[in-house]
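For the record, the sequence lines run as chains A, B, C and D. Under my numbering, the first residue of the first sequence is numbered 1, with each subsequent residue one higher. Under my numbering, the first residue of the second sequence is numbered 343, with each subsequent residue one higher. Under my numbering, the first residue of the third sequence is numbered 685, with each subsequent residue one higher. Under my numbering, the first residue of the fourth sequence is numbered 1027, with each subsequent residue one higher.
Protein chains: 4
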Amino acid sequence: MIRNIAILGASGYTGAELVRIIATHPYMRVAALSGERKAGQAMREVFPHLRHLDLPDLVKIEEIDFSGIDLAFCALPHATSQAVIAELPRDLKVVDLSADFRLREAADYEKWYGKPHTATDLQREAVYGLTEFYREEIRAARLVAGTGCNAATGQFALRPLIEAGVIDLDQIIMDLKCGVSGAGRALKENLLHAELSEGYHAYAVGGIHRHLGEFDQEFSKIAGRKVEVQFTPHLIPANRGILATVYVQGDAAAIHRTLSGAYADEPFLQVLPMGEAPSTRHVRGSNFCHLGVVQDRRDGRAIVVAALDNLTKGSSGQAVQNANLMLGIEETAGLMLAPVFP
Amino acid sequence: MIRNIAILGASGYTGAELVRIIATHPYMRVAALSGERKAGQAMREVFPHLRHLDLPDLVKIEEIDFSGIDLAFCALPHATSQAVIAELPRDLKVVDLSADFRLREAADYEKWYGKPHTATDLQREAVYGLTEFYREEIRAARLVAGTGCNAATGQFALRPLIEAGVIDLDQIIMDLKCGVSGAGRALKENLLHAELSEGYHAYAVGGIHRHLGEFDQEFSKIAGRKVEVQFTPHLIPANRGILATVYVQGDAAAIHRTLSGAYADEPFLQVLPMGEAPSTRHVRGSNFCHLGVVQDRRDGRAIVVAALDNLTKGSSGQAVQNANLMLGIEETAGLMLAPVFP
Amino acid sequence: MIRNIAILGASGYTGAELVRIIATHPYMRVAALSGERKAGQAMREVFPHLRHLDLPDLVKIEEIDFSGIDLAFCALPHATSQAVIAELPRDLKVVDLSADFRLREAADYEKWYGKPHTATDLQREAVYGLTEFYREEIRAARLVAGTGCNAATGQFALRPLIEAGVIDLDQIIMDLKCGVSGAGRALKENLLHAELSEGYHAYAVGGIHRHLGEFDQEFSKIAGRKVEVQFTPHLIPANRGILATVYVQGDAAAIHRTLSGAYADEPFLQVLPMGEAPSTRHVRGSNFCHLGVVQDRRDGRAIVVAALDNLTKGSSGQAVQNANLMLGIEETAGLMLAPVFP
Amino acid sequence: MIRNIAILGASGYTGAELVRIIATHPYMRVAALSGERKAGQAMREVFPHLRHLDLPDLVKIEEIDFSGIDLAFCALPHATSQAVIAELPRDLKVVDLSADFRLREAADYEKWYGKPHTATDLQREAVYGLTEFYREEIRAARLVAGTGCNAATGQFALRPLIEAGVIDLDQIIMDLKCGVSGAGRALKENLLHAELSEGYHAYAVGGIHRHLGEFDQEFSKIAGRKVEVQFTPHLIPANRGILATVYVQGDAAAIHRTLSGAYADEPFLQVLPMGEAPSTRHVRGSNFCHLGVVQDRRDGRAIVVAALDNLTKGSSGQAVQNANLMLGIEETAGLMLAPVFP
């Protein structure tokens, strides 16, 4: 049975990525697309690469008849998202890709996003959408909050290790490198090709990146105590990709064993043989995450490296994976697209 | 019914692209992979991005039992390819991706490739694999010769125009820009990232590129007279993509009408509205070709621009499209993957 | 003797490139910098790569005391430029990098730029700044109009050939590929890294690019009759560089001989041996232009390829070259910086 | 007075970079160039971007008459370099860019480079070429060993901090990102554009990169005890640039004060205001190193970020800086070239 899907905020990169995935999904079809500023346009005008698809035109959200919609993906900016979702039918299944429902506590949201949450009941209702760790809750959920793309990458590297107690919780340093599509389609000087190409830099240095809110929430919850990692993201002259290089203190063999065990049955999380490190080029355009563990020359220290595509496994792929669960579809449906290399 | 596929020469980029496409093809499975120098290795060692697939290890060709194989893709270098195919079972369906069987005449092969053809009977047997124009022959063929990637792009832009007689056959200039994956995985200084990145140049200037052999053969055949185009390829700092900018003399409206009419029912050939020009970024990773027609300010002159992905529509996607026909499968099966953008 | 230089509109890429060149120029120093929106900022805030230089802060133009200024570079947008220059002291030497004074005729300006010229007296006064062809006029000029970067490239390839009468004036096709810095630092969606990287396309197709105004003016003037070339620019995923591939009809040997002769004593125009084609990567960051001539397989046809750096020889380097002449300095002073490769 | 310079091993990227710098150096001229495999060729055949220079042809080393040479740069592979330098006149000033003379102890060389040193007397004679820290020794030296490019970057970030005792010596983690030109012009599959572009990865993970030999030697020497840092380099899809993100434990204000004080009079080492982080794009093509210090959200932790161009400040620029000192020339001569941006 084909489910009817609405994508709210379809004119951004995560919206386009959702359409790309659904284009060959066996059980979903795009039934409605919204885009405030581009309402009235055909999707092929906004994204010419989708020209071959028979898609509905972009409309304003209020023009959508949700009665025939089985699930809505909400790919709007944060703050906007909570206002929009609050107005949607309360029985509509929603996967939100914004930051609005990732943090459980209203105080945490205000701390990291700088203003009070305006839909705290929805915040309480939402399930955190890191599929591999919230599978059962997601299956039963009406509203799922997609994770931050950096947050997903770091958690794939660290959650089983914190859970198993094989690393020192006070000495976790995550140095992360992300491609520019993670910053979206916004018109900012520092996203111009001439500014970014052939150059790279750290940003949000010093522990101020908002995805730290997710790390703090999740890692502390698992550990049963406060855990604060150090985290520095870097912008890299590539379109897609996140590479997290995580420095931990613990036994490398135990770390590798723990990750391998935890992900043995996971279709999308691939642990490399001990000593190998992954590359972003090997996951591009796919829903896979590659993880590697290497022992440092200094005893008791190890490096965990995780690579994924920020737009797929880090965002829209994860969203479809969650939607599959929410709709009672096989979890991997539509998501086994192989990475595009070279 | 699932067909068993062998890929000979699977350690190059077109081999990897075949595996990528077959990974989500509903009716094909990879049953054998060969790679002379990499025989004995697992495919994931050669192409870590295929790590999630359950693939046979690379073997030498002579180790493959072809009795259970329904079709073989041959992604070997030219000259090697004719020698290998000559030794394969004579009833095995073969799609060759090399240049060995593209030219009908032994003399033409020797002229463009610098040595005599050693399997002229196969050369005579082979069908030229430009799917949209040789569909019926391909359906009936045992041996299909995949076209050059540049040759495919240029022919999509020009064949209907030559056929319809709407352009001056003596004034065709094709300026083509291709990404670096078209040059393969060979270890050459001019393919190094440090050499290519942030720079671009013309190569094989002056009418010496081998794909001219295909243009001459095909265009002359259609026109019923000798047609020689001017053709200059350029190497561009991008991995995938071919953009052919073709300067022709003729009525732009007639040209657009002719192309639109010819491709009205083609699933992969998309003609843009009059006056629009395509971009390689909108076809990357897909089997689509976008075509545009623009009138020049000088009456009687027009520019036709065609864009496709050299590894997909220009090579491995075309190969699968041909194989679908040869195996009695729906032509588009496995090939409706949407382009990856950004 | 050190000359005091003002740069008006110093917050764009051509402004930064002027500062880069002047930084090691033996006879110039930056005495004033203007930037309307960034007035009050230090140059290192706008361009951190210039942090090591002792530069004046950005101010508004009206705050500059021009009495001590020997020459002003005007790197403002077109239309703005004519208004600003009209208000400058009438004895101040000015090199304008905008499009405002490139076209001799008011009607031509209005045709290509869509509105009437508001300083037609200055338009008449201005000398066209293609140094190698207007050297004596520039030496005597007060106001010099820097050429379009594409216009410079194409003229280096073609002027001597038109002058010498060795090519067919009605069959000139110029296919040009330019890097993204040529589009400036404007916030446009199509200049984002995620949009441009790994993709390329033709733009202003059909003879509507404004630099055609310069080609028409200059080529017709040389030929003594109307000459209209075909011209298609392409945007390439590289920051710097212009590569013009020019298709002409004429004897290749005569063409090569003509170019070699014309540029034999030119320090910046380097003609390659017959049959070789240049690459943008070999001129990056420099004031050199490399030119090549290749005979086509079809008799009587040749390809001329010219490569330069749009920000240097195509814009700010040319501007300094002109300023050197206007100030009685050796023409090459400060401009012999070698290209940056890789 | 102009000094005559020989460059041995001029056909690699560091050789080309030396020529680029010397091209506008007021007191040096290239008098001899060697290249074993390319002997007999003109430099413009090997590096077309140097076409405008009047350079000697490449010869074999034994063909060079060193009697008129004031200083030789040796840009050969390690192991080759020690054999070649051992045969050079013993009074010839030499700046070696290989790894052969960086480590003081024969045992350390063997440990990191896998075979015994064959010129241990030269090894003892050589001065470590980190200019800012060995200025007086270099001025007096005959043989100077250029540092590793990563090693230089990391030491600029850390030496004053170790010296001043403001950071915990056992908790230093350096995550480094380098452009591909650092890997040289070798024909390796992983250096192909198609492999690297749009992808990035960690390599030599776990403390096995050879530049660790330099860190261990230098940091331990400064500290007066054994210091072992953690160090993970990453290959980034850019040609030039090194960005070292260094995680340290100590007071951020003290760290910033220490670096600022140490480099207050250094022409090439630029410390940014507290809280700012540098970018590789702002040092490209120059001899500058930009350094930033940011306080982490966790008290007592800071991030130091250093950016430089691996081919200039990390290699050939450093070499010229050292040669200036050895030849009694002003240290900054020829090296004040501004970075090339964009």
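Where a beta carbon is used, it is the ideal one built from N, C-alpha and C, also for glycine.
Candidates the options, of which the one nearest residue i by Cα
i	options	result
arginine 3 of chain A	A:Phe341, A:Ala338, A:Val180, A:Met326	A:Met326
glutamate 334 of chain B	B:Gly670, B:Ala680, B:Ala661	Lying outside 343 to 684, the shown extent of chain B, residue 334 of chain B is not represented and no answer is given.
isoleucine 303 of chain A	A:Ala277, A:Ala164, A:Ile21	A:Ala277
aspartate 607 of chain B	B:Glu474, B:Lys453, B:Leu439, B:Val437	B:Glu474
aspartate 510 of chain B	B:Leu472, B:Asn629, B:Val590	B:Val590
leucine 130 of chain A	A:Ala119, A:Thr153, A:Arg124	A:Thr153
tryptophan 354 of chain A	A:Arg124, A:Gln41, A:His211	No statement about residue 354 of chain A is possible, as the shown extent of chain A runs from 1 to 342 and does not include it.
leucine 400 of chain B	B:His394, B:Arg386, B:Thr674	B:Arg386
histidine 535 of chain B	B:Ala544, B:Asp396, B:Gly521	B:Gly521
cysteine 326 of chain B	B:Ser657, B:His598, B:Gln383	No statement about residue 326 of chain B is possible, as the shown extent of chain B runs from 343 to 684 and does not include it.
tyrosine 1318 of chain D	A:Gly334, A:Gly292, A:Arg301, A:Tyr203	It is glycine, not tyrosine, that sits at residue 1318 of chain D in the sequence shown. Checked all of A:Gly334, A:Gly292, A:Arg301, A:Tyr203; the closest Cα to glycine 1318 of chain D is A:Tyr203.
Chain-ordered neighbours of residue i on chain B, where CB pairs are closer than 7 angstroms
i	result
glycine 890 of chain C	Val636, Gln637, Asp638, Arg639, Ile645
Distance between residue j and residue i (C-alpha atoms, nearest Å)
i	j	result
isoleucine 926 of chain C	lysine 568 of chain B	35 angstroms
leucine 1114 of chain D	glycine 883 of chain C	50 angstroms
glycine 1094 of chain D	valine 1045 of chain D	18 angstroms
aspartate 299 of chain A	glycine 1233 of chain D	11 angstroms
valine 144 of chain A	isoleucine 5 of chain A	15 angstroms
threonine 118 of chain A	glycine 35 of chain A	22 angstroms
serine 1223 of chain D	alanine 1209 of chain D	15 angstroms
leucine 92 of chain A	serine 81 of chain A	15 angstroms
glycine 1276 of chain D	aspartate 170 of chain A	15 angstroms
alanine 39 of chain A	valine 1331 of chain D	44 angstroms
alanine 1249 of chain D	glycine 1172 of chain D	22 angstroms
Residue i classed as buried or exposed, judged by whether at least 16 other C-beta atoms fall within 10 angstroms
i	result
asparagine 1216 of chain D	exposed
glutamate 898 of chain C	buried
glutamate 747 of chain C	exposed
proline 732 of chain C	buried
glycine 1140 of chain D	exposed
glutamate 537 of chain B	buried
threonine 232 of chain A	buried
alanine 32 of chain A	buried
aspartate 900 of chain C	buried
arginine 420 of chain A	No statement about residue 420 of chain A is possible, as the shown extent of chain A runs from 1 to 342 and does not include it.
glutamate 560 of chain B	buried
glycine 317 of chain A	buried
arginine 721 of chain C	exposed
methionine 712 of chain C	buried
leucine 272 of chain A	buried
Contact set between residue i and chain B, taken where Cβ atoms lie within less than 8 angstroms
i	result
proline 740 of chain C	What proline 740 of chain C touches in chain B: nothing, since even the nearest Cβ is about 32 angstroms away.
Proximal residues of chain C, C-beta to C-beta of residue i below 7 angstroms
i	result
valine 180 of chain A	His877, Ala878
lysine 530 of chain B	Going along chain C, no residue has its Cβ under 7 angstroms from lysine 530 of chain B, so there is no contact; the nearest lies around 15 angstroms.
Proximal chain A residues relative to residue i, where beta-carbon distance stays under 9 angstroms
i	result
serine 1000 of chain C	Those do not exist, as serine 1000 of chain C stays about 15 angstroms from chain A at its closest Cβ, beyond 9 angstroms.
arginine 869 of chain C	Glu189, Leu192, Ala194, Glu195
Within chain A, partners of residue i - CB distance below 7 angstroms
i	result
phenylalanine 408 of chain B	Correct list: empty, because the minimum Cβ distance to chain A is about 25 angstroms.
tyrosine 1273 of chain D	Ile173, Gln230
Within chain D, the residues that residue i reaches when beta carbons sit closer than 9 angstroms
i	result
alanine 238 of chain A	Ser1223, Glu1224, Gly1225, Tyr1226, Ile1262, Pro1263
| Uninterrupted alpha helix (DSSP H) stretches inside the segment 1319 to 1355 of chain D (no shorter than 4 residues) | 1343 to 1352
| said: In chain order, what are the residue ranges of uninterrupted alpha helix (DSSP H) at least 4 long that sit wholly in the segment 781 to 827 of chain C? | reply: 790 to 797, 804 to 809, 819 to 824
| Could you give the uninterrupted runs of the beta strand (DSSP E) lying entirely in the segment 900 to 975 of chain C, keeping only those of 3 residues or more? | 914 to 919, 926 to 933, 953 to 955
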